[in-house]
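One line per chain: the protein sequences are X and C, in this order.
Heads up: the first sequence begins at 115 in the working numbering, then just goes up one per residue.
Heads up: the second sequence begins at 225 in the working numbering, then just goes up one per residue.
The beta-carbon is built from N, C-alpha and C at its ideal position, and this holds for glycine as well.
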Amino acid sequence: MPSLCGKNIVAGKANNKPARFGNVWWQALILTLALMFFGAQDACALQTHGGVEGMVVHQFAHLHYILALGFLLWDLYRPDFVSRPWLLLRCFCVLMILWNILALVGHFAQSGLPEGDIVTEDGYLSAFLLLPLSFGRWVYYVAALDHLLCVPALFCLFLAMRRFYRDSLNSQGLGGRSEKKP
Amino acid sequence: MTGNLSLLPAIVVDCVGSAMMLVLSILSMRYGFLLSRRQPENFLWSYLFYITVAIAAFSTSRAVGHLVKEFLLISGNRLLWERISPYSGGLNTLFMVSLAAVMVFYHKGVQAYDLLQAETERLKIANQQLAETSAQLHDLNRNLEKNVEDRTRELSRSEEKYRHLFSASQDVVLFCDAGGAIVDINEAGLRTLGYAETAILGHRFTKFMVRPEEFVRCRRQLAEDGRVKDFDVELRRGDDSPLPLLLSATAVHNEDGSVIGCEMIGKDLSRLKQMMSQLAASENMASIGQMAAGVAHELKTPLGVILGYTQLLKEDFPADSEHHQSLAAIERQTKASRKIVSDLLKFSRQSRSAREPVDINGLLDDVVITHGHDVDSPNLTVKTDYGHGLPMVSGDAAKLRQVFVNLLKNACQAVRGRADAWVRLSSLYDAEAQAVLIDVEDNGPGIPASDRERVFEPFFTTKLVGEGTGLGLSVSYGIVKEHGGVIELANNSSPDPPPGGSRFRVCLPVDGQKRLKHGESDHQCEEVGMPA
Numbered sequence: 115m116p117s118l119c120g121k122n123i124v125a126g127k128a129n130n131k132p133a134r135f136g137n138v139w140w141q142a143l144i145l146t147l148a149l150m151f152f153g154a155q156d157a158c159a160l161q162t163h164g165g166v167e168g169m170v171v172h173q174f175a176h177l178h179y180i181l182a183l184g185f186l187l188w189d190l191y192r193p194d195f196v197s198r199p200w201l202l203l204r205c206f207c208v209l210m211i212l213w214n215i216l217a218l219v220g221h222f223a224q225s226g227l228p229e230g231d232i233v234t235e236d237g238y239l240s241a242f243l244l245l246p247l248s249f250g251r252w253v254y255y256v257a258a259l260d261h262l263l264c265v266p267a268l269f270c271l272f273l274a275m276r277r278f279y280r281d282s283l284n285s286q287g288l289g290g291r292s293e294k295k296p
Numbered sequence: 225m226t227g228n229l230s231l232l233p234a235i236v237v238d239c240v241g242s243a244m245m246l247v248l249s250i251l252s253m254r255y256g257f258l259l260s261r262r263q264p265e266n267f268l269w270s271y272l273f274y275i276t277v278a279i280a281a282f283s284t285s286r287a288v289g290h291l292v293k294e295f296l297l298i299s300g301n302r303l304l305w306e307r308i309s310p311y312s313g314g315l316n317t318l319f320m321v322s323l324a325a326v327m328v329f330y331h332k333g334v335q336a337y338d339l340l341q342a343e344t345e346r347l348k349i350a351n352q353q354l355a356e357t358s359a360q361l362h363d364l365n366r367n368l369e370k371n372v373e374d375r376t377r378e379l380s381r382s383e384e385k386y387r388h389l390f391s392a393s394q395d396v397v398l399f400c401d402a403g404g405a406i407v408d409i410n411e412a413g414l415r416t417l418g419y420a421e422t423a424i425l426g427h428r429f430t431k432f433m434v435r436p437e438e439f440v441r442c443r444r445q446l447a448e449d450g451r452v453k454d455f456d457v458e459l460r461r462g463d464d465s466p467l468p469l470l471l472s473a474t475a476v477h478n479e480d481g482s483v484i485g486c487e488m489i490g491k492d493l494s495r496l497k498q499m500m501s502q503l504a505a506s507e508n509m510a511s512i513g514q515m516a517a518g519v520a521h522e523l524k525t526p527l528g529v530i531l532g533y534t535q536l537l538k539e540d541f542p543a544d545s546e547h548h549q550s551l552a553a554i555e556r557q558t559k560a561s562r563k564i565v566s567d568l569l570k571f572s573r574q575s576r577s578a579r580e581p582v583d584i585n586g587l588l589d590d591v592v593i594t595h596g597h598d599v600d601s602p603n604l605t606v607k608t609d610y611g612h613g614l615p616m617v618s619g620d621a622a623k624l625r626q627v628f629v630n631l632l633k634n635a636c637q638a639v640r641g642r643a644d645a646w647v648r649l650s651s652l653y654d655a656e657a658q659a660v661l662i663d664v665e666d667n668g669p670g671i672p673a674s675d676r677e678r679v680f681e682p683f684f685t686t687k688l689v690g691e692g693t694g695l696g697l698s699v700s701y702g703i704v705k706e707h708g709g710v711i712e713l714a715n716n717s718s719p720d721p722p723p724g725g726s727r728f729r730v731c732l733p734v735d736g737q738k739r740l741k742h743g744e745s746d747h748q749c750e751e752v753g754m755p756a
């Protein structure tokens, strides 16, 4: 084995050299470590999370949520998931996907909206958006009404869960999966 | 478009929508909880419950954040909101990511659940099949037990039946092994052969045969045909007397087909042979009787003529003349001859008999009084043992008297010269056979076995010349048969035989029209002679 041979050779050389030679390497190592420790100036190891990073993470979370809902929606299209609660659950997915898209776009629109486009004259409730409505302003305004999508989505979810529960009271089925045979 | 667009609708929708999100998500979570509680084993409900929890958490963080924001902004605390906002947004992002993760997890969860369900279903089906199989096995087992019980019961019944047949059979039933040694024999076999069980079991069958070489042929036939039918053999009884046996045997084979022994059934032929012998004797007696009747009939007329003319001639000569003496001698001999002829006719039952009620005990008394004294046997004792209440017998008193006189005379002659001589006459009524039994026995030398079958033949006598014609028992035989009765000479196997002597038994039916059959009465002895 080469490594074994090499080790033997080194061992053989070590035996031929004076013992003082090995102490030089140790001294060099200790010196280097001391210089690095005491000679360090600004540490660059930690990454900062300032700026728009929170925004980016949030947008990625929306994307993640969209993909998860899409995946769930795709998975809910099964031949035995034909009953009403499963349909309501699919509606929930669709509406939530739309809400996520709207929210995603809305966050971009909000971040791109100049601070002076929203004017407050007499408190927060009197705030208004300056006209004329540019695409950014229009998108912002529509996105501010995102509850018009997420509330119906949650309502679908509520109906689906309630139907599941009521069906389970009437039978021991699985809400549309009861007839499924593997 | 000119002017300003109020954001108040957006603020209102935000507040109301947030509140509704809060309410709807919590209600959804409640139903998810109820579902998972109701069917904890259902993975889907558990999953939907986790989804609703995640949605409720996300919605709450979002709704509360929005409501707080609107409240703070409306109340003019924008600075405070700007401080809180990163935490609210961060928390909201965190819950959103978590919610998305839970949803992605769903797919794999459902797959695992489906696999689990499929496996559960398979297990359920397998369990069901196992239960069905188990039930079938149980049924089979129960049926098997019942069948075994039934078969065992049948087998036991069959064994009992055949065991009973084996033990209750009156024929000799025995089993031999391949070597010809007897391994089992029934009670009747032991009784017939007259051996103890230990003297038979384990011994070769040929040991008991008079001619063992005969069995070689039997064994050969058994090996070739598997059975032997009506094989005539003669065995030796325990008392050394011969036992004629009609043997049927069947070979017993093992699973390989080789003979491992045989079953034998032997029928005792001694009785049959005796009857055959009696039949032959009877036929002989019948032909003798027929001839005697013919001869007697032919001699009777000339003898009557001879006697008549002799008596006429005798009157022509003086009583002291030689011719008169000669004619008297002719007359005596002719009378004697006529008596013989008359006896022969009685033997052949050619003479007619009267029918009147006869008191047997009175008749026997009369016979004893008139003929019970033998001048040559002064020590003779005549014993009588009459039964009480004997019914009257329908018959010819004179002829019956002659029967008992003949028997008594024979008995007296048989015991002549003995110091302790005795003759006994006894009577008994057999109610079952409706017959009167009369025994005449003596303690004389008895009758040799070689002569026993001929004692009733005409002219057969063991007496000295001049002491008897040999017609006494023949005449008695004919008279008794004419009365429908039976006359027998007891043999050694008869119960209570006289020691060394002989015993004659006369069975007479009470009803004169009835004819007794041999062996009808338990008290009757073995018949020797011609049947009725």
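Less than 7 Å divides the Cβ of G725(C) from the Cβ of G668(C). Going by DSSP, F728(C) is part of the beta strand (DSSP E) stretching over S726 to P733. With contacts defined by Cβ atoms closer than 7 Å, L470(C) and R461(C) do not form a contacting pair. The contact set of S285(X) on chain C, defined by CB atoms closer than 7 Å, is empty, because the minimum CB distance reaches about 11 Å. The way I'd put it, the segment 360-380 of chain C doesn't touch the segment 283-291 of chain C; fewer than three beta-carbon pairs between them come closer than 8 Å. Listed by position along chain X, the residues whose Cβ is nearer than 8 Å to that of T276(C) are L271 and M275. The Cβ of Y279(X) sits closer than 7 Å to at least one Cβ of chain C.
Per DSSP, the continuous alpha helix (DSSP H) segment holding F249(X) begins and ends at F249 to A258. For V237(C), the chain X residues whose Cβ falls inside 7 Å of its Cβ are L259, H261 and L262, in order along the chain. Under the DSSP assignment, P233(C) falls outside any beta strand (DSSP E), being part of the alpha helix (DSSP H) whose first and last residues are L232 to R262. Contact between the segment 249-263 of chain X and the segment 315-328 of chain C is absent: fewer than three C-beta pairs spanning the two stretches fall below 8 Å. Residue contact check for N228(C) against chain X: a CB pair falls below 7 Å. With a threshold of 7 Å between beta carbons, S282(X) makes contact with chain C. Less than 7 Å divides the Cβ of R276(X) from the Cβ of Y255(C).
Within the segment 643-674 of chain C, the complete beta strand (DSSP E) segments at least 3 residues long are 646-654 and 659-666, listed from N- to C-terminus. Linking W213(X) to P233(C) through their CA atoms gives a straight-line distance of about 18 Å. Listed in chain order, the non-local C-beta contacts of V277(C) below 6 Å within the same chain comprise M253, local neighbours out to five positions each way being set aside. The criterion of a C-beta distance shorter than 7 Å is satisfied by C207(X) and L187(X).
Look at T317(C) here: in three-state DSSP terms it is helix.
Only A175, H176, H178, Y179, L181, A182, L183, F185 and L186 from the segment 174-187 of chain X bring a Cβ to less than 8 Å from some Cβ of chain C. Proximity of G289(C) to chain X, defined by a Cβ-Cβ separation below 7 Å, is not satisfied. Remark: C-beta atoms of V457(C) and M488(C) do not approach each other more closely than 7 Å.
Between the alpha carbons of Q394(C) and S698(C) lies a gap of roughly 37 Å. Taken atom to atom, the span from the alpha-carbon of L624(C) to that of G702(C) is near 11 Å. Taking the beta carbon of L248(C) as reference, the chain X residues within 8 Å of it are V265, L268, F269, L271 and F272, listed in sequence order. By the rule that beta-carbons nearer than 7 Å mark a contact, L361(C) does not touch chain X. Per DSSP, reduced to three states, the secondary structure at V171(X) is helical. In this structure, the CA atom of D590(C) is about 59 Å from the CA atom of D408(C).
Under the three-pair Cβ rule at 8 Å, the segment 195-206 of chain X does not count as touching the segment 236-248 of chain X.
Residue state for M275(X) is assigned as helix, using DSSP reduced to three classes. For the pair V170(X) and Q263(C), the Cα-to-Cα distance works out to about 41 Å.
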